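K.L.:
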RNA sequence: GGCGGCGUAGCCAAGUGGCCUAAGGCGACGGUUUGCAAAACCGUUAUUCCCCGGUUCGAAUCCGGGCGCCGCCUCCA
């Protein structure tokens, strides 16, 4: 079975075929950089990271574009609100671009830790103002937009397909509107393409309509078409952006180009924390930096970024995901189980003797690979794909000590391809004695292990157990294995 | 008020008409192993999928009603 993806536009799973044979262009709505990335960002970007990785695994040449919003995203209704970045910058008394730069770096750092592959292109909205003005000009010329007092609005009534993605119609929206219609708009559902800037507004550019700045929806249309063409294969983003953001993108792009904007719309579901929507006012807003430092009152410990990735991959990208300390803890244990199996496998691989690959194992590996691909082909069922990794863990842990280098190598290869290349949960290298790559500590623990070994040899188990207990109190766990005593941080 | 989604074991979660007397992970319990542990392995842990009706030879899966939870409709990944 070929790859099937759920297309929000048609509301069903469809076989994915790119416009151009062998190549895929994918655009994912990136962050507005006015704060550190949080668990919601993690779910969205890990989900699309796996999509990109899997497409590459399937042999596609993928161009992955993910924007950085550093201007134009308003805090409020698309007409009256302040620019989020300008607001945060004023509060911290720094230049808006300095603030954007700070959080852009923070974002990349957090995504790297989650093992998300970097996008091929990370375009900034502020670097594409010229193109945005061009698009607005085109829309005005074609009669889809109108200017009022230096601001330009999209005339939604002119675009008949408006609402096709989110399943809404204009009349209902007008009737149910909770916001005060702007006096400048012809229609309450019209949205801003270009906003007039007051003189004290820092981020502003000259345009045919005077000094101003671009509306938020515009940047994605412009950058997607600039780097991927007028019709792109896949556009991804969070479900909450389906309306109005993506609906507006479609309207602008298709009105300007007279061509379909996106073939496959993919939306990931939302994150809750302890069953509630994550929000700053609810005190359940958790950033990735807080999670990996364990510094949040909802968390009992520091969690490795990959434990967060594991939790995300355990559920489906279109299902909501509830973060809780218990859920993270469980995911962390599962993640460690995989890591330990791979570490042990590689340790064994170094000393194994050569010989033919065990055909029974090879057969099992083929079956697991097929099961994995079948799951991923079904709209990226990472939950089942991850279960294949656990099957592989069990297989690894039951391999006889006599397994050949070739057999072990074949298992390691599958771990690397499925767990590493596609899911991004298996590392290419693990620090020796997990987390203990501090040489001095390693040597000291080594000395204590030797002394304990001597005690054990003399059947002085009281001394041996005391040594183990004291190390345990210091946060170091000793494990006696057939390959000798191993240690790791608790 | 309008639109949409969800409700599966102690917890997380896949499955969406027969392969389900329901994956996988965490946890718990029993066993093997170990000087004792740890880890690992083996086994047990939902005859049942929120409730009530209906359709069907057959439903966790489809339909109707109810209850509960969540999201979008204003910025949010």
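In the working numbering, the protein residues as written are 1 to 490.
Beta carbons: idealized from backbone N, C-alpha and C, even for Gly.
From a predicted model like this one, the values you see are computed outputs, not experimental measurements.
#1: Please list the segments of the beta strand (DSSP E) lying wholly inside the stretch 18-102, counting only runs of 3 or more residues, in order along the chain.
#2: Spell out the partners DSSP gives residue 232 in its beta bridges.
#3: Would you be able to state if there are at least three C-beta pairs under 8 Å between the stretch 21-41 and the stretch 66-73?
#4: Given a cut-off of 8 Å, decide if residue 403 and residue 339 are closer than it, judged by their beta-carbon atoms.
#5: Just verifying my parser: in three-state terms, what is the DSSP assignment at residue 16?
#6: Count the other C-beta atoms from every protein chain shown that fall within 10 angstroms of the C-beta of residue 444, then say buried if there are 16 or more, exposed otherwise.
#7: To the nearest angstrom, how far is it from the Cα of residue 508 to the Cα of residue 47?
#8: Thinking C-beta only, is residue 116 closer than 8 Å to residue 45?
#9: Using the C-alpha atoms, what's the distance from residue 259 back to residue 386?
#10: On the CB-based measure, 16 or more other CB atoms within 10 Å of its CB, does residue 424 come out buried or exposed?
#11: Assign residue 153 to one of three DSSP states: helix, strand, or coil.
#12: Would you call residue 497 buried or exposed, if buried means 16 or more other Cβ atoms sit within 10 Å of its Cβ?
#13: So, under 8 Å CB-CB, residue 64 and residue 52 are touching, yes? Tell me the CB distance rounded to an integer number of Å.
#14: Locate the alpha helix (DSSP H) running through residue 444, then write down its first and last residues.
#15: From 396, 218 and 56, pick the residue whose C-alpha is nearest to that of residue 421; which is it?
#16: Grab me the residues of residue 120's own chain with a C-beta within less than 7 Å of its C-beta, minus the 5 sequence neighbours each way, in chain order.
#17: Identify, in the order they occur along the chain, each residue of the same chain with its Cβ nearer than 6 Å to the Cβ of residue 8, setting aside the five sequence neighbours on each side.
#18: Once you ignore the five residues that flank residue 487 on each side, which residues in its own chain have a CB closer than 6 Å to its CB?
#19: The alpha helix (DSSP H) spanning residue 138 covers which residue range?
#20: Indicate the three-state DSSP secondary structure (helix, strand or coil) for residue 401 in the structure shown.
#21: In the DSSP output, which residue or residues are listed as bridge partners for residue 6?
#22: By a C-beta neighbour count over all protein chains shown, 10 Å radius and 16 as the cutoff for buried, is residue 209 buried or exposed?
#23: From the DSSP output, in three-state form, read off residue 227 for me.
#24: Fully enclosed by the stretch 292-320, which alpha helix (DSSP H) runs are 4 residues long or longer?
#25: Roughly how many whole angstroms lie between the Cα atoms of residue 102 and residue 96?
#26: State the start and end residues of the unbroken beta strand (DSSP E) segment that holds residue 352.
P.N.:
If we stick to the structure as given:
#1: 23-28 and 61-66
#2: Locating residue 232 in the first chain gives position 232, counting from the first residue. DSSP lists 262 as partners of residue 232.
#3: yes
#4: Numbered from its first residue, the first chain carries residue 339 at position 339. Numbered from its first residue, the first chain carries residue 403 at position 403. Contact: no.
#5: As a position in the first chain, residue 16 is number 16, starting the count at 1. Coil.
#6: Counted from its first residue, the first chain places residue 444 at position 444. Exposed.
#7: The chain is shown only over 1 to 490; residue 508 falls outside these bounds and no answer can be derived.
#8: What you label residue 45 is simply residue 45 of the first chain in a count that begins at 1. What you label residue 116 is simply residue 116 of the first chain in a count that begins at 1. Yes; because the gap between Cβ atoms is below 8 Å, this pair is in contact.
#9: Position 386 of the first chain, counted from the start, is the residue given in the question as residue 386. Position 259 of the first chain, counted from the start, is the residue given in the question as residue 259. Taking the straight line joining both Cα atoms gives about 39 Å.
#10: Within the first chain, numbered from 1, the residue matching residue 424 stands at position 424. Its Cβ being crowded by 16 or more others within 10 Å, residue 424 is buried.
#11: Taking the first residue of the first chain as position 1, residue 153 is located at position 153. Three-state result, residue 153: strand.
#12: Residue 497 falls outside the range modelled here, since the chain spans only 1 to 490, and no answer is possible.
#13: Taking the first residue of the first chain as 1, we reach residue 64 at position 64. Taking the first residue of the first chain as 1, we reach residue 52 at position 52. About 5 Å; that satisfies the 8 Å criterion.
#14: Numbered from 1 along the first chain, position 444 holds the residue referred to as residue 444. Note, residue 444: alpha helix (DSSP H), 439-457.
#15: Here residue 421 refers to the residue found at position 421 of the first chain. Minimum Cα distance to residue 421 is reached at 56.
#16: Walking along the first chain from the start, residue 120 turns up at place 120. Answer for residue 120: 63, 64 and 65, listed in chain order.
#17: Taking the first residue of the first chain as position 1, residue 8 is located at position 8. Hits under 6 Å: 265 and 267.
#18: On the first chain, residue 487 is found 487 positions in, with the first residue counted as 1. If we look at residue 487 and ignore the five residues flanking it on each side, its Cβ neighbours are 433, 445, 476 and 478.
#19: The residue given as residue 138 occupies position 138 in the first chain. Where residue 138 is concerned, the enclosing alpha helix (DSSP H) stretches over 129-141.
#20: Along the first chain, one-based indexing puts residue 401 at 401. In this structure, residue 401 counts as coil in the three-state DSSP scheme.
#21: Looking up residue 6 in the first chain gives position 6. DSSP, once it has assigned bridges, lists 13 as partnering residue 6.
#22: Walking along the first chain from the start, residue 209 turns up at place 209. Under this definition residue 209 is a buried residue.
#23: In the first chain, residue 227 corresponds to position 227, counting from 1. Of the three classes helix, strand and coil, the one that applies to residue 227 here is helix, per DSSP.
#24: 305-314
#25: Mapped onto the first chain, residue 102 falls at position 102. Mapped onto the first chain, residue 96 falls at position 96. Cα to Cα, the separation comes out at about 10 Å.
#26: Counting from 1 along the first chain, the entry for residue 352 is found at position 352. That residue, residue 352, is in no beta strand (DSSP E); it is neither H nor E in DSSP.
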